Every structure is written in C-alpha cells, then in structure tokens.
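Protein sequences, first through last, are from chains C and S. Each residue of the first sequence is one higher than the one before, counting from 105 in our numbering. Each residue of the second sequence is one higher than the one before, counting from 1105 in our numbering. Let me begin by presenting the structure, written as structure tokens, before commenting on it.
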Amino acid sequence: KAGVTQTPRYLIKTRGQQVTLSCSPISGHRSVSWYQQTPGQGLQFLFEYFSETQRNKGNFPGRFSGRQFSNSRSEMNVSTLELGDSALYLCASSGGTGNTEAFFGQGTRLTVV
Amino acid sequence: AQRVTQPEKLLSVFKGAPVELKCNYSYSGSPELFWYVQYSRQRLQLLLRHISRESIKGFTADLNKGETSFHLKKPFAQEEDSAMYYCALSGPNSGYSTLTFGKGTMLLVSP
C-alpha cells in the first residue's frame, strides 16, 4: 500500500508569510503526527491528530497549528514565519490505538528567507 | 519531563567490528522504547521496538529499566549499516501516540 505522502517536498517563504503543509496518511490510519527536524534541536513533536481532533500537543507557539479532515489527511499551518522556522517537517501516521508503529513521510523542507 | 539522550553524535567503526549505540531515557512510568533508522535519502523508519524483542538486520536492543537504558547492539557491523540512528520513546501520558526522540547518532562503517 502507498506510504505517507507529504506535499510539497520543498518550500521557500519570506519572513512574515504563512505556509500550509499537507500530509496524506497510509490508508486506514487514523492518527497523524507532525514533527519538526532541525540540526540543533533534532526531532521535536508538534502535535497529533486522531479522528479530526487534536489529541496531543508539543511545546510550540500558537503560530503552529494543524487540522485533520474526515479522510484522515492532515494539514499543518505556520503563520508569521520566522527564520528559525526553517526546518524539515515530518508527518507520521499510525493506526492510533495503543502501541502501534509510526510510519513517516519524506518530509517537507521549509526555508524561510 | 521525558527525555531521551544519545551521548554520541558520531560513531565510526570498521566493517566486522561490534557496534553499540547508546541510549538513555528518563520517564515517569512505563514507556515503550524504539530505535528508528534513516538511511541516506530515505525516510525515517522503525528498526525495532523493545516489546517485540526481535533482532532486525542483526541488531538487538535490551531495555534495562534499572539503568534506564536501551542500547542498540550489533556484533559485526556491515557497510550498509551506515545511517543515522534515533532512539525514541512513547508513553501512556500521550496514549503511546507520540514519540520523544534523542538527537541521533550517525553510524559510519568503513570497509
């Protein structure tokens, strides 16, 4: 079956703009999580959605938000972009009930200039 | 607070040598521990998890609750093992739905 798909793969934005990233999970998976990966901080959890509801949230400012649709696809939005938001954003999907394996997408590389 | 520590940023070994990638964690409760691997130009993927107690690609990891460690070991490294390795945990506080990662260890296996 198809893996986790993230679009776009690369983005260049200017400070102050906003951006929306998309993630299509593996068919049948109901949980989608987002992670930010930077050289300095490594992989950090942003938030998790399950059945269209935010179930868990990491320690990121309110400029970072997300949502999940009825087909489990998820979007992540970052408003008022800052240079420090430049990172690889990874999406992971899982069945969502208990101890299940997380499958990761290829990521979206966001560069803020 | 939950935390995963991987003390080595880089581990360089020769082919055929034993490998041990260290991972220590702090968590109040019963976490599940994982090792994820990222080969060059590939996506992050699960290597193994402590509850399955499997050996994958010759790698094993034993959860030591007393030392709060989950070190990854392989007796004889291969060149194709060269990759970035991340230790991670999930816990009941998040319904085992989210992962806390260490900063990763780059393993380089030379011929």
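Where a beta carbon is used, it is the ideal one built from N, C-alpha and C, also for glycine. All values derive from a computational prediction rather than experimental measurement.
Roughly how many whole angstroms lie between the Cα atoms of residue i and residue j?
i       : j       : result
S/N1128 : S/W1139 : 12 Å
S/L1176 : C/Q121  : 42 Å
C/H133  : S/K1161 : 27 Å
C/V216  : C/Q140  : 14 Å
S/K1113 : C/E186  : 27 Å
C/F151  : S/K1207 : 19 Å
S/L1216 : C/L115  : The question about residue 1216 of chain S has no answer, for chain S in this structure spans 1105 to 1215.
S/V1141 : S/A1187 : 7 Å
C/P129  : S/P1215 : 38 Å
S/T1225 : C/T118  : Absent from the model: residue 1225 of chain S. The displayed extent of chain S is 1105 to 1215, so no value can be given.
S/S1198 : C/Q158  : 12 Å
C/T167  : S/P1122 : Just to set this straight, residue 167 of chain C is Arg in the shown sequence, not Thr. Approximately 46 Å between the Cα atoms of the pair.
S/P1179 : S/G1120 : 8 Å
What does residue i pair with, by DSSP beta-bridge criteria?
i       : result
S/K1119 : The partner list for S/K1119 (beta bridge, DSSP) is empty, contrary to what the question assumes.
C/T157  : C/F154
C/K117  : C/V216
Which whole-angstrom value describes the C-beta separation of residue i and residue j, a residue pair presumed to lie in contact below a C-beta threshold of 8 Å?
i      : j       : result
C/T212 : C/P143  : At roughly 16 Å, the Cβ-Cβ gap does not stay under 8 Å, so C/T212 and C/P143 are not in contact.
C/L147 : S/Y1200 : That pair is no contact at about 17 Å.
Go through its chain and collect everything with a Cβ distance to residue i's Cβ below 6 Å, but skip five positions before and after it.
i       : result
S/E1124 : H1175 and K1177
C/E179  : T124, S126 and R171
C/L192  : Q141, G211 and R213
S/S1173 : N1128
Near residue i, what residues of its chain come up, given a Cβ to Cβ distance below 7 Å and the 5 sequence neighbours on each side ignored?
i       : result
S/V1108 : C1127, Y1129, C1191, A1192, L1193, T1204, F1205 and G1206
For the ligand COA, I want to know if residue i counts as a neighbour, meaning its beta carbon is within less than 8 Å of at least one of the ligand's heavy atoms.
i      : result
C/Q158 : Summarising the ligand content, the structure contains no ligands, and the ligand COA is consequently not present.
Between the region 117 to 140 of chain C and chain S, which residues of the former have CB atoms less than 8 Å from a CB of the latter, in chain order? So the list reads S135, S137 and Y139, given in the order they occur along the chain.
Output, in sequence order along the chain, the residues in the region 1109 to 1123 of chain S whose CB is closer than 7 Å to any CB in chain C. Per Cβ criterion, the list is empty.
Short-range partners of chain C found in the region 1180 to 1192 of chain S, where Cβ spacing is below 9 Å: Within the region 1180 to 1192 of chain S, the residues whose Cβ lies closer than 9 Å to some Cβ of chain C are Y1190 and A1192, listed in chain order.
Please name the residues in the region 1200 to 1212 of chain S whose beta-carbon is closer than 9 Å to at least one beta-carbon of chain C, in chain order. Here the close residues are Y1200, S1201, T1202, L1203, T1204, F1205, G1206, K1207 and G1208.
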